[in-house]
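Engineer: Order-wise, the sequence lines are chains A and B. 412 is the number that full-length UniProt numbering gives the last residue of the first sequence; the numbers go up by one with no jumps. 239 is the number that full-length UniProt numbering gives the last residue of the second sequence; the numbers go up by one with no jumps. The beta carbon of each residue, even a glycine, is placed where N, CA and C say it ideally should be. Owing to the predicted nature of the structure, the values given are computational and were not obtained by experimental measurement. First the structure, which I've put down as structure tokens, then a few questions once you've had a look.
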Amino acid sequence: MKFRYSIKTAVNGLKTHKSRSALTILGIVIGITSIILIMSLGTGAKDLILAQVQGLGAKNVIVLPGKEPSGPSDLASLFADSLKQRELDALKNKNNVPNGRMVMPIVFGSESGVYGSEVYKFSLFGSGELMETLFDLKPEKGFFFTDEDVKSKASVAVLGSKVKDKLFGSDEAVGEKIRIKNTSFKVIAVLPKKGQSSFINFDEAVVIPYTTMQQYISGTKYFNRIVVEADSEKNIDIVSQDIKKTLRDMHNITDPSKDDFFVSTPAEVAEKLGTIFNALTIFLTAIAAISLVVGGVGIMNIMLVSVTERTKEIGLRKALGATDNDVLTQFLLEAVILTATGGLVGIILGSSFSFIASILINKFAGLAWTFSFPYGAALLGLVVSSLVGLIFGIYPARQASHKSPMEALRYE
Amino acid sequence: MNIIQVKNLGKVYDNDGVRTDALRGVFFDIKKGEFVAIMGPSGSGKSTLLQILGLLDDYTSGSYLFLDKSIKTYNQKEIAKIRNEKMGFIFQSFNLLPKATVLENVKLPLLYSDKPENEWEKLAREAVIAVGLEHRMFHEAKMLSGGEKQRVAIARALVNGPEVIFADEPTGNLDSKSGQSVIEIIQKLNKELGHTVILITHETYTAEYAERIIRLHDGEIESDKQVENRRVEGKDFIK
């Protein structure tokens, strides 16, 4: 029998039992839907995180004190004191880092602010005046603190929008005074609502000059970060190398594994996060793939029932001239068409759910989540679902093809 | 010319060690163009004989030549081809695909044949017309009456131009009126179109439409005689 007619016969066979066919492929549909959904959402999450890393400033090289953290529980860097004024000055020196354009230290901690009877806990950042440019923190009201404020250790504060709302409500904040750790700060600016646009949520932050922070709040001499902006994106690696060399020279380090600091570039962070996300996606996909095996067993089960139920039809076809191969092909094709259809439906459902999720995340979480159709996953889904049909269909199809026509015809 | 030559044919069923002789020492020849009825009570082995002749089942001993060639020399594929091209089957329970149309049912053997596709439609239509069902061409098989169903089955047996038509109790599931019309069509296939017909029945009335009756009893031939007063319907039933 010509292959075209084998397909036609198989399709007709499936059409004859529409609702059973639909129920049979449910397992495959669910399996492929979840795979597509996971892979699509995984890609979306990865893109989002990468965009946030980029949001830290694609040209910013960040120097952290202490060793490169080996895990999320590695808190040592919070207390390391290898970055001080001396190191800051060295990095500012154009002879050391010729491609560094702006250099700025950051000190941070968690503090409470008091205004009248209102108390609110926020992240306190002590930084240079360049913070405004480096992190794109143009105030909605008032003006960011200046170089002068930093030098004079002025008690001025820039409030994130949520901090302002919590302490002042709808009242005017600029010009008022708040107390942080027994020091009175004059509010000179309020930041616009930014949302969780990068790893730092500036809505819940207060920014003050780092000199003021060291003097009145933390009482320490060291910095938590030094941000160096490269003059262009392509010079990031050069800047990173120059920083390492400068600091190693200063600290007399010859063995890079003994570094008491750590330089991070957005690209490196992006790469690491990308690896983590890929691993997570593969893991979840593997779990979803189990449902495909379950679906496949379901297909095999139903195909076996179908073969038994259609024993007479098989006998008839053989009596009319169908070879064993014709019968085998017919039932195998039925299984493959069934699962491939399930795969197709799963791809459509999975991408639709992923698309809806992207809209909901955008709307309710305020994240810049992008939907991308997972072409690779779709192709994989189609191939895998067809393979499931082939693998789990072969046994029932062989059962069908080996039926003796006489016994099949006699079957009631 | 003999289409079928059976010599000392035997068939033993082995059900978990219990051996039953379904056929023993059966000899006969069937000539091209003959209309032979095989009769016998149930359990006499007539269905087994038909299944062996129709290559639906294997025999245990003896020999069976179809068109002068032992069927033992054919492989599974060749046997499927002979069933498709040289044989037509009519069953007691019709065995139509219930959700397919009359035309599709009749086309079914052509799907497995080597006949060119552009002839399929024409051949199938001709066969449907030959059994007088042109007004039912596009009806689903399950919508038809018993007599009509059996006529579709006859058209299906006919469509590929077979050498032999095997009919296994074709009137067994029909009322006497449609049964008679079916047996008359079968007789016409033999008399006017020259098909060899082998009919299985337990009704003497039906068997007398044939030219020759082979009677089986307990797996052995009891008698093999020409019909003396052959029943022939005078009126035309093929339009």
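Please classify residue 209 of chain B: is it buried, with 16 or more other beta-carbons within 10 angstroms of its beta-carbon, or exposed?
Structural biologist: In the second sequence, counting from the first residue as 1, residue 209 of chain B sits at position 209. Buried, because 16 or more other Cβ atoms sit within 10 Å of the Cβ of residue 209 of chain B.
Engineer: Compute the distance between the beta-carbons of residue 209 of chain A and residue 145 of chain A, then report whether it is under 8 Å.
Structural biologist: Counting from 1 along the first sequence, the entry for residue 209 of chain A is found at position 209. Counting from 1 along the first sequence, the entry for residue 145 of chain A is found at position 145. Result yes, Cβ atoms of residue 209 of chain A and residue 145 of chain A sit closer than 8 Å.
Engineer: Pairs of beta-carbons, one from the stretch 208 to 226 of chain A and one from the stretch 159 to 177 of chain A, closer than 8 Å: are there three or more?
Structural biologist: Contact fails: fewer than three Cβ-Cβ distances are below 8 Å.
Engineer: Are the beta-carbon atoms of residue 338 of chain A and residue 389 of chain A separated by less than 8 Å?
Structural biologist: As a position in the first sequence, residue 338 of chain A is number 338, starting the count at 1. As a position in the first sequence, residue 389 of chain A is number 389, starting the count at 1. Yes. Within cutoff.
Engineer: Taking the alpha carbon of residue 240 of chain A as the reference point, which residue from A:32, A:61, A:7, A:5 has its own alpha carbon closest?
Structural biologist: For the purposes of this step, residue 240 of chain A is taken as the residue at position 240 of the first sequence. When each option's Cα is compared against that of residue 240 of chain A, the closest is A:61.
Engineer: Taking C-alpha atoms, which residue in A:315, A:135, A:89 lies nearest to residue 205 of chain A?
Structural biologist: Here residue 205 of chain A refers to the residue found at position 205 when the first sequence is read from its first residue. If we check each option's Cα against that of residue 205 of chain A, A:135 comes out closest.
Engineer: If you run the structure through DSSP and keep just helix, strand and coil, what is residue 5 of chain A?
Structural biologist: Residue 5 of chain A sits at position 5 when you count from the first residue of the first sequence. If DSSP states are grouped into helix, strand and coil, residue 5 of chain A belongs with the helices.
Engineer: Assess, as a yes-or-no matter, whether the stretch 199 to 217 of chain B is touched by the stretch 25 to 39 of chain B under the definition of 3 or more beta carbon pairs within less than 8 Å.
Structural biologist: Yes, they touch.
Engineer: I need the straight-line Cα distance from residue 2 of chain B to residue 225 of chain B, nearest angstrom please.
Structural biologist: The sequence position of residue 2 of chain B within the second sequence is 2, counting from 1. The sequence position of residue 225 of chain B within the second sequence is 225, counting from 1. Going from the Cα of residue 2 of chain B to the Cα of residue 225 of chain B covers about 17 Å.
Engineer: Given a cut-off of 8 Å, decide if residue 160 of chain A and residue 188 of chain A are closer than it, judged by their beta-carbon atoms.
Structural biologist: Within the first sequence, numbered from 1, the residue matching residue 188 of chain A stands at position 188. Within the first sequence, numbered from 1, the residue matching residue 160 of chain A stands at position 160. For residue 188 of chain A and residue 160 of chain A, no; Cβs fall outside 8 Å.
Engineer: Taking the continuous alpha helix (DSSP H) assigned at residue 164 of chain A, which residues delimit it?
Structural biologist: Position 164 of the first sequence, counted from the start, is the residue given in the question as residue 164 of chain A. Start and end: 161 to 168.
Engineer: Quick check: what's the CA-CA separation for residue 289 of chain A versus residue 358 of chain A?
Structural biologist: To locate residue 289 of chain A, count along the first sequence from 1; it is residue 289. To locate residue 358 of chain A, count along the first sequence from 1; it is residue 358. In a straight line, the C-alpha of residue 289 of chain A is about 23 Å away from that of residue 358 of chain A.
Engineer: For residue 216 of chain B, which residues in the same chain have their Cβ closer than 6 Å to its Cβ, ignoring the five residues on either side in sequence?
Structural biologist: As a position in the second sequence, residue 216 of chain B is number 216, starting the count at 1. The residues are 40, 44, 45, 46.
Engineer: Tell me the DSSP secondary structure of residue 101 of chain A in three-state form.
Structural biologist: Taking the first sequence and counting its residues from 1, the one referred to as residue 101 of chain A is at position 101. In this structure, residue 101 of chain A counts as strand in the three-state DSSP scheme.
Engineer: What are the partner residues of residue 29 of chain B, as DSSP defines its beta bridges?
Structural biologist: As a working note, residue 29 of chain B is residue 29 in the second sequence. Answer by DSSP bridge pairing, in chain order: B:5.
Engineer: For the stretch 45 to 53 of chain A and the stretch 310 to 329 of chain A, state whether three or more C-beta atom pairs, one from each stretch, are separated by less than 8 Å.
Structural biologist: Counting Cβ pairs under 8 Å, fewer than three are found: no touch.
Engineer: Relative to the C-alpha of residue 182 of chain A, which candidate in A:287, A:213, A:384 has its C-alpha closest?
Structural biologist: By one-based count along the first sequence, residue 182 of chain A stands at place 182. That would be A:213, whose Cα lies nearest to the Cα of residue 182 of chain A.
Engineer: Which residue's Cα is closest to the Cα of residue 233 of chain A: A:376, A:99, A:398, A:395?
Structural biologist: Here residue 233 of chain A corresponds to residue number 233 of the first sequence, with the count starting at 1. Looking at the Cα atoms, A:99 is the closest of the given residues.
Engineer: Around the Cβ of residue 86 of chain A, are there at least 16 other Cβ atoms within 10 angstroms (buried) or fewer (exposed)?
Structural biologist: In the first sequence, counting from the first residue as 1, residue 86 of chain A sits at position 86. It is exposed - the Cβ of residue 86 of chain A has fewer than 16 other Cβ atoms within 10 Å.
Engineer: Where does residue 338 of chain A sit, in a helix, a strand or coil, going by DSSP?
Structural biologist: For the purposes of this step, residue 338 of chain A is identified with residue 338 of the first sequence, where counting begins at 1. If DSSP states are grouped into helix, strand and coil, residue 338 of chain A belongs with the helices.
Engineer: Please list, in chain order, the residues of the stretch 69 to 80 of chain B that have any C-beta partner in chain A closer than 8 Å.
Structural biologist: Residues 76, 77, 80.
Engineer: Which class does residue 395 of chain A belong to by DSSP, given the choice of helix, strand or coil?
Structural biologist: For the purposes of this step, residue 395 of chain A is taken as the residue at position 395 of the first sequence. Correct three-state label for residue 395 of chain A: helix.
Engineer: Short check: CB of residue 382 of chain A to CB of residue 340 of chain A, under 8 Å?
Structural biologist: Residue mapping note: residue 382 of chain A aligns to position 382 of the first sequence, counting from 1. Residue mapping note: residue 340 of chain A aligns to position 340 of the first sequence, counting from 1. Yes.
Engineer: Could you tell me which chain B residues have their CB closer than 8 Å to the CB of residue 5 of chain A, listed as they occur along the chain?
Structural biologist: As a first step, residue 5 of chain A must be located in the first sequence, where it is residue number 5. Within 8 Å Cβ-Cβ: 111.
Engineer: List, in order along the chain, the chain B residues whose C-beta lies closer than 7 Å to that of residue 322 of chain A?
Structural biologist: Residue mapping note: residue 322 of chain A aligns to position 322 of the first sequence, counting from 1. Result: 80, 112.
Engineer: Using a Cβ-based criterion (distance less than 7 Å to any ligand heavy atom), does residue 207 of chain B qualify as near the ligand MG?
Structural biologist: No copy of the ligand MG occurs in the structure displayed, which carries no ligand at all.
Engineer: Check the Cβ-Cβ distances between residue 28 of chain B and every residue of chain A, and say whether any is below 8 Å.
Structural biologist: On the second sequence, position 28 is the one that residue 28 of chain B refers to. It does not: the Cβ of residue 28 of chain B has no partner Cβ on chain A nearer than 8 Å.
Engineer: I'd like to check one pair, residue 160 of chain B with residue 88 of chain B: are the Cβ atoms closer than 8 Å?
Structural biologist: Position 88 of the second sequence, counted from the first residue, corresponds to residue 88 of chain B. Position 160 of the second sequence, counted from the first residue, corresponds to residue 160 of chain B. Yes.
Engineer: Residue 182 of chain B: which of B:91, B:194, B:141, B:69 sits nearest, CA to CA?
Structural biologist: Position 182 of the second sequence, counting from 1, holds the residue named residue 182 of chain B. Answer by Cα proximity: B:91.
Engineer: Out of B:50, B:61, B:95, B:113, point me to the one whose CA is closest to residue 164 of chain B's CA.
Structural biologist: Sequence index remark: in the second sequence, residue 164 of chain B carries index 164 (1-based). Per the Cα distances, B:50.
Engineer: Between the C-alpha atoms of residue 444 of chain A and residue 56 of chain B, what's the straight-line distance to the nearest angstrom?
Structural biologist: Summary: the structure shown does not reach residue 444 of chain A, with chain A confined to residues 1 through 412, and so no result is reported for it.
Engineer: Tell whether a beta-carbon distance below 8 Å holds between residue 190 of chain A and residue 174 of chain A.
Structural biologist: To locate residue 190 of chain A, count along the first sequence from 1; it is residue 190. To locate residue 174 of chain A, count along the first sequence from 1; it is residue 174. Result yes, Cβ atoms of residue 190 of chain A and residue 174 of chain A sit closer than 8 Å.
Engineer: Grouping DSSP H, G and I as helix and E and B as strand, with all else coil, what is residue 239 of chain A?
Structural biologist: Counting from one through the first sequence, the residue named residue 239 of chain A turns up at place 239. Reduced to three states, the DSSP call for residue 239 of chain A is helix.
Engineer: Tell me whether the stretch 180 to 199 of chain B and the stretch 104 to 123 of chain B touch, counting them as touching only if at least three CB pairs, one residue from each stretch, are closer than 8 Å.
Structural biologist: Contact fails: fewer than three Cβ-Cβ distances are below 8 Å.
Engineer: Can you check whether the CB of residue 300 of chain A is closer than 8 Å to the CB of residue 331 of chain A?
Structural biologist: In the first sequence, the residue the question calls residue 331 of chain A occupies position 331. In the first sequence, the residue the question calls residue 300 of chain A occupies position 300. Not a contact, by the Cβ cut-off of 8 Å.
Engineer: Taking Cβ to Cβ, would you say residue 265 of chain B is nearer than 8 Å to residue 129 of chain B?
Structural biologist: The question about residue 265 of chain B has no answer, for chain B in this structure spans 1 to 239.
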